[in-house]
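Novice: Protein chains in written order, with the working numbering: chain A, 253 to 481; chain B, 177 to 400; chain C, 779 to 1003. For every residue, glycine included, the Cβ atom is placed at its ideal position computed from N, Cα and C. Pasting in a structure now, in structure tokens, and then I'll have a few things to ask.
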Amino acid sequence: MILTRDLRKSFGPVQALAGLSFAMAEGELAALLGANGAGKSTLLRLISGLSRPSSGSAEVAGFDVRRQPQEVRRRIGVVSHQTFLYEDLSAEENLHFYGRMYSVAGLQERSDELLAMMELWPRRTDLVRTFSRGMQQRLALARAMLHQPTVLLLDEPFTGLDLHAIDLLTSFIEEASAGRVTVLMTLHDPDYALAHSRRLFVLHQGRLVIDQPSEQVRKGDILPFFREK
Amino acid sequence: MKSIKPLYLALAVLTFLLIEGALYMALLQAPTERTMGDVQRIFYFHVPSAWVSFLAFFIVCIASIAFLRTGKAQWDRLAASSAEIGILFITLVLLTGPLWAKPVWNVYWTWDARLTTSLILWLIYIAYMMVRRYTSDPERGAKFAAVFGIIGFLDVPIVYMSIRWWRTLHPAPVIGGGGGLAPEMKQALFFSLFAFTVLYITLLLLSLRIRSVEDKIQALKNKS
Amino acid sequence: MQTLTQFYTILHKDLLQELRSKEIITAMLVFSLTVVVIFNFVFDPGSAEMRTTAPGILWVAFIFAGNLGLSRAFAREQENSMMQGLLLCPVDRSLLFTAKVIGNILFIGLVEIITLPVMIIFFDLAVGRAWPLLLAILFLGTAGFATVGTIFSAISANTRSREVMLPIMLFPVTVPIILAAIKSTSYLLAGRETADIWPWLRLLIGFDVLYFFVCFLLYEYVVEE
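Listed below in structure tokens is the structure:
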């Protein structure tokens, strides 16, 4: 579902990614760990087409990120620590806005379904401005799932969330993965990553230093790469 | 420690000799202008400065297009270096202009098309340098600067034209306009234009070298 | 068809957002009126001098207010990185640019429509039958300014000290548009023949088309990270 070949991102003296090659199958659930500046966000930006690689290529569902950006955009959902939500619009209006941008068929039903699933149904007509951080993040996940993406990219999705919200999001992510959605999430919490992912990537100075099934990785293997320079 | 490359040394010596030559021709050889007197000699530096600044901003535009197409950092270094030199020379234009204008027109500044365009040009390229400096991510800064560099340069003829139209009532003061120039004056002017162009190339190459060395040092620092 | 829906969706969202918060329009409106009040102290009210400089004052007010609005409009799109959310949607960058330009023209235009009658009263201007032409000039000047402003506000929003960067970039570059707009407005208000105004209008149209074309091509590079 996700395929990168010798993906590089550099500008002048700064090398953010130094040749990354990996493949993720349908329904895989992987966590991406690394110190700040290791290149995690850069990688997600390259896969989602927000940023262009210096060399190498990336594919999503068989579509090249640079050459067929619209096809790729249709197939990925992104949740970041930023919600991408309009605070002056209600929860429902936000979903309808993004739904129309993605040309979601049966938008009303789809948005109702997601609002119920995220336990936001009673607040659907309230402005997002009045939502707690946890509610906003749940709505952000609903927004990302609206167009039924085959690949879900999450960039530090748990930043600033309470335990209940983390649990809800976790079970939702696992459900999505069981439903054959490929999930790649960057995290800064190794314990969570070990417990909830099935594959673990560790990035260090723009290189992939660990790529193993999560149950084979011990915490001690990861920690050295968490020290910042 | 490596000594300076022979190419740079040779260029520096050549530039020095050419500028000396230009000074000699402009200050001693060229005849004194009848009505304006010695102050007219500023002309031999004013006009070449203006020419170099336009050339420099043209290079900025070309390098910016190349940078956006390829994403290669060397094009951005070229654009940044050329812009710096362009600002230096357009500043010289703005300084030498009033020095000349005061004794001749009895004012330091008139809002005629050429002067105003130079001032606006100066403002545009100062903004160009600011965009670059005030963006945290160097790559985005380079892209922003490139976009601004292209729009800014395309703007130059339009600004000039529109101000000329605007000021139709004020007769544009013709200063040493081509035809009426004595042969020795022409000679001095053309030599000076040539010398300034070589000066531009020398400065550009040195500035490029400094930038690429800076990048190399930064790359080494990042590795360790 | 899908492009049209997306175009309309973005525009509708921008308008709805503004309808709820009213922050951009209000700020621009108050600001442009403030400029007019300040200028009242520069020239003797009711003097002939004031009437001849009125078109200039008018445009200075619109341009300063427009700058303020453009800067706010883009900053608002970044509060929760909504701009990123928009860029992740399967939407063409040039469509996004066009929608943003139209939205900005609408916002600034609305402020102009409200401020204009007030200024006509304040400066005792005689518009007479020239209304349609005056509106056309307003539109053309605003369109050019908003086109360049849309791309520059996307740049300045990503720099430190963004409120400062926008006018520093925008004003020198838009000088031709401002000149042509002021000149045609002042000819119009001075009761000159259409034949006198027409060259300036043509110039304005030319600038608008040229700037739109160039900015349209370059927008992609500005929003890409």
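Taking a Cβ distance cut-off of 8 Å, strictly less, list which residues of the region 308–327 of chain B are near chain A, in chain order.
Specialist: Pro314, Glu315, Ala318
Novice: Excluding the 5 residues preceding and the 5 following Val951 of chain C in the sequence, name in chain order all residues of the same chain whose CB lies nearer than 7 Å to its CB.
Specialist: Along the third sequence, one-based indexing puts residue 951 of chain C at 173. These residues qualify, in order along the chain: Val926.
Novice: Consider the Cβ of Gln457 of chain A: report whether some Cβ of chain C lies at a distance smaller than 9 Å.
Specialist: Stepping through the first sequence from its first residue, residue 457 of chain A is reached at position 205. For Gln457 of chain A, the answer is no, since every Cβ of chain C falls outside 9 Å of its Cβ.
Novice: Report yes or no: is there a C-beta of chain B within less than 9 Å of the C-beta of Met943 of chain C?
Specialist: Taking the first residue of the third sequence as position 1, residue 943 of chain C is located at position 165. By this cut-off, Met943 of chain C is an interface position.
Novice: State the DSSP-derived secondary structure class of Pro465 of chain A, mapped to helix, strand or coil.
Specialist: As a working note, residue 465 of chain A is residue 213 in the first sequence. Note: Pro465 of chain A maps to strand in three-state DSSP.
Novice: Does the beta carbon of Ile351 of chain B come closer than 9 Å to any beta carbon on chain A?
Specialist: Looking up residue 351 of chain B in the second sequence gives position 175. Caution is warranted here: a pLDDT of 49 is assigned to Ile351 of chain B, below 50, making its placement in the model unreliable, and the coordinate value is therefore given only provisionally. It does not: the Cβ of Ile351 of chain B has no partner Cβ on chain A nearer than 9 Å.
Novice: Hey, does Val269 of chain B have any beta-carbon neighbour from chain C nearer than 9 Å?
Specialist: Taking the second sequence and counting its residues from 1, the one referred to as residue 269 of chain B is at position 93. With 9 Å as the cut-off, Val269 of chain B does not count as an interface residue toward chain C.
Novice: Do Leu811 of chain C and Thr893 of chain C count as a contact pair if the criterion is CB distance below 9 Å?
Specialist: Position 115 of the third sequence holds residue 893 of chain C. Position 33 of the third sequence holds residue 811 of chain C. It is a contact, given that the beta carbons lie within the stated cut-off.
Novice: List, in order along the chain, the chain A residues whose C-beta lies closer than 8 Å to that of Glu857 of chain C?
Specialist: Here residue 857 of chain C refers to the residue found at position 79 of the third sequence. Ordered by position in chain A, the residues that pass the 8 Å Cβ test against Glu857 of chain C are Glu339.
Novice: Rounded to a whole number of angstroms, what is the C-alpha to C-alpha distance between Tyr965 of chain C and Ala958 of chain C?
Specialist: On the third sequence, residue 965 of chain C is found 187 positions in, with the first residue counted as 1. On the third sequence, residue 958 of chain C is found 180 positions in, with the first residue counted as 1. In a straight line, the C-alpha of Tyr965 of chain C is about 11 Å away from that of Ala958 of chain C.
Novice: Looking at Ser434 of chain A: is its Cβ nearer than 9 Å to the Cβ of Met253 of chain A?
Specialist: The residue you call residue 434 of chain A lines up with position 182 of the first sequence. The residue you call residue 253 of chain A lines up with position 1 of the first sequence. Looking at the sequence provided, one finds Thr at residue 434 of chain A rather than Ser. Yes, the pair counts as a contact, with Cβ atoms nearer than the cut-off.
Novice: Are Phe141 of chain B and Asn936 of chain C touching if we call contact CB-CB under 9 Å?
Specialist: No information on residue 141 of chain B is available, as it lies outside the stretch 177 to 400 that chain B covers here.
Novice: Given a cut-off of 9 Å on the beta-carbon distance, is the pair Ser273 of chain A and Asp407 of chain A in contact?
Specialist: As a working note, residue 273 of chain A is residue 21 in the first sequence. As a working note, residue 407 of chain A is residue 155 in the first sequence. In this structure, the beta-carbon distance from Ser273 of chain A to Asp407 of chain A does not fall below 9 Å.
Novice: Assign Pro945 of chain C to one of two classes, buried (16 or more other C-beta atoms within 10 Å of its C-beta) or exposed (fewer than that).
Specialist: Residue 945 of chain C sits at position 167 when you count from the first residue of the third sequence. By the 10 Å Cβ count, Pro945 of chain C comes out buried.
Novice: Between which two residues does the alpha helix (DSSP H) carrying Ile261 of chain B extend?
Specialist: Translated into positions along the second sequence, residue 261 of chain B becomes position 85. Judged by DSSP secondary structure, Ile261 of chain B falls within the alpha helix (DSSP H) whose first and last residues are 249–281.
Novice: Going along the chain, which residues of the region 255–280 of chain A sit with their C-beta nearer than 8 Å to a C-beta in chain B?
Specialist: Phe263, Gly264, Pro265, Val266, Gln267
Novice: Taking a contact to mean a Cβ-Cβ separation below 9 Å, would you say Ser355 of chain A touches Thr830 of chain C in this structure?
Specialist: One-based indexing of the first sequence puts residue 355 of chain A at position 103. One-based indexing of the third sequence puts residue 830 of chain C at position 52. Here Ser355 of chain A is not near Thr830 of chain C, since their CB atoms are 9 Å or more apart.
Novice: Along chain C, in chain order, which residues have C-beta atoms closer than 7 Å to that of Ile287 of chain B?
Specialist: Position 111 of the second sequence holds residue 287 of chain B. According to the sequence displayed, residue 287 of chain B carries Trp and not Ile. What Trp287 of chain B touches in chain C: nothing, since even the nearest Cβ is about 12 Å away.
Novice: Can you tell me which of the three DSSP states Ile934 of chain C falls into?
Specialist: Position 156 of the third sequence, counted from the start, is the residue given in the question as residue 934 of chain C. Strictly speaking, residue 934 of chain C in this sequence is Ser, with Ile absent from that position. In the structure shown, Ser934 of chain C sits in a helix (DSSP, three-state: H, G or I).
Novice: Can you name, in chain order, every residue of its own chain whose Cβ lies under 7 Å from the Cβ of Phe994 of chain C, other than the five neighbours on each side?
Specialist: One-based indexing of the third sequence puts residue 994 of chain C at position 216. So the qualifying residues of the chain are Ser872, Phe875.
Novice: Closest by CA to Gly301 of chain A, which one among A:Gly289, A:Gly291, A:Ala290, A:Asp316?
Specialist: To locate residue 301 of chain A, count along the first sequence from 1; it is residue 49. Cα-wise, what sits closest to Gly301 of chain A is A:Asp316.
Novice: Using a Cβ-Cβ distance cut-off of 9 Å, determine whether Trp837 of chain C contacts chain B.
Specialist: Translated into positions along the third sequence, residue 837 of chain C becomes position 59. Judged by the 9 Å Cβ criterion, Trp837 of chain C is not in contact with chain B.
Novice: What separation, rounded to the nearest whole angstrom, lies between the Cα atoms of Leu797 of chain C and Pro374 of chain A?
Specialist: Stepping through the third sequence from its first residue, residue 797 of chain C is reached at position 19. Stepping through the first sequence from its first residue, residue 374 of chain A is reached at position 122. So the two alpha carbons sit approximately 24 Å from each other.
Novice: Rounded C-beta distance between Leu329 of chain B and Phe243 of chain B? I'm assuming under 8 Å.
Specialist: The sequence position of residue 329 of chain B within the second sequence is 153, counting from 1. The sequence position of residue 243 of chain B within the second sequence is 67, counting from 1. Checking the sequence, you will find Phe at residue 329 of chain B rather than Leu. Contact doesn't hold; Cβ gap of about 14 Å is too wide.
Novice: If the cut-off is 7 Å on Cβ atoms, which residues from the region 246–262 of chain B count as contacting chain A, listed in chain order?
Specialist: Listed in sequence order: Gly247, Ala249.
Novice: Exposed or buried, what is Phe845 of chain C when buried is set at 16 or more other beta-carbons lying within 10 Å of its beta-carbon?
Specialist: On the third sequence, position 67 is the one that residue 845 of chain C refers to. Rather than Phe, the amino acid found at residue 845 of chain C in this sequence is Asn. Buried, by the Cβ-count rule.
Novice: Using only alpha-carbon positions, find the residue among B:Leu190, B:Ala289, B:Pro274 that is nearest to Asn282 of chain B.
Specialist: The sequence position of residue 282 of chain B within the second sequence is 106, counting from 1. Among B:Leu190, B:Ala289, B:Pro274, the Cα nearest to that of Asn282 of chain B belongs to B:Pro274.
Novice: When you compare only the Cα positions, how much space is there between Leu255 of chain A and Ala310 of chain A?
Specialist: Taking the first sequence and counting its residues from 1, one reaches residue 255 of chain A at position 3. Taking the first sequence and counting its residues from 1, one reaches residue 310 of chain A at position 58. Rounded to whole angstroms, Leu255 of chain A to Ala310 of chain A spans 6 Å at the Cα level.
Novice: Verify the CB distance criterion: does Glu345 of chain A have a CB-CB separation below 9 Å to chain C?
Specialist: Along the first sequence, one-based indexing puts residue 345 of chain A at 93. Answer yes: the Cβ-Cβ gap between Glu345 of chain A and chain C drops below 9 Å somewhere.
Novice: How should Glu196 of chain B be labelled, buried or exposed, when 16 other C-beta atoms within 10 angstroms of its C-beta is the threshold for buried?
Specialist: Walking along the second sequence from the start, residue 196 of chain B turns up at place 20. That one is exposed.
Novice: Please state whether DSSP places Met370 of chain A in a helix, a strand or coil.
Specialist: Translated into positions along the first sequence, residue 370 of chain A becomes position 118. In the structure shown, Met370 of chain A adopts coil according to DSSP, grouped into three states.
Novice: Using only alpha-carbon positions, find the residue among C:Pro868, C:Leu884, C:His790 that is nearest to Gly922 of chain C.
Specialist: In the third sequence, residue 922 of chain C corresponds to position 144, counting from 1. For the set C:Pro868, C:Leu884, C:His790, the Cα lying nearest the Cα of Gly922 of chain C is the one of C:Leu884.
Novice: Just mark Leu793 of chain C as buried or exposed, buried being the case when its beta carbon has 16 or more other beta carbons within 10 Å.
Specialist: For this step, residue 793 of chain C is matched to residue 15 along the third sequence. By the neighbour-count rule (16 or more Cβ atoms within 10 Å), Leu793 of chain C is not buried but exposed.
Novice: So Val380 of chain A packs on Leu393 of chain A, CB below 8 Å; how close in whole Å?
Specialist: Counting from one through the first sequence, the residue named residue 380 of chain A turns up at place 128. Counting from one through the first sequence, the residue named residue 393 of chain A turns up at place 141. With a Cβ gap of about 14 Å, Val380 of chain A and Leu393 of chain A do not count as contacting.
Novice: Which residues in chain A have a C-beta closer than 8 Å to the C-beta of Gln394 of chain B? List them in chain order.
Specialist: Translated into the one-based positions of the second sequence, residue 394 of chain B becomes position 218. The answer, in chain order, is Gly264, Pro265, Val266.
Novice: Verify whether the separation of the beta carbon atoms of Ser257 of chain B and Leu357 of chain B is less than 9 Å.
Specialist: Within the second sequence, the letter at position 81 stands for residue 257 of chain B. Within the second sequence, the letter at position 181 stands for residue 357 of chain B. The answer is no: Cβ separation not under 9 Å.
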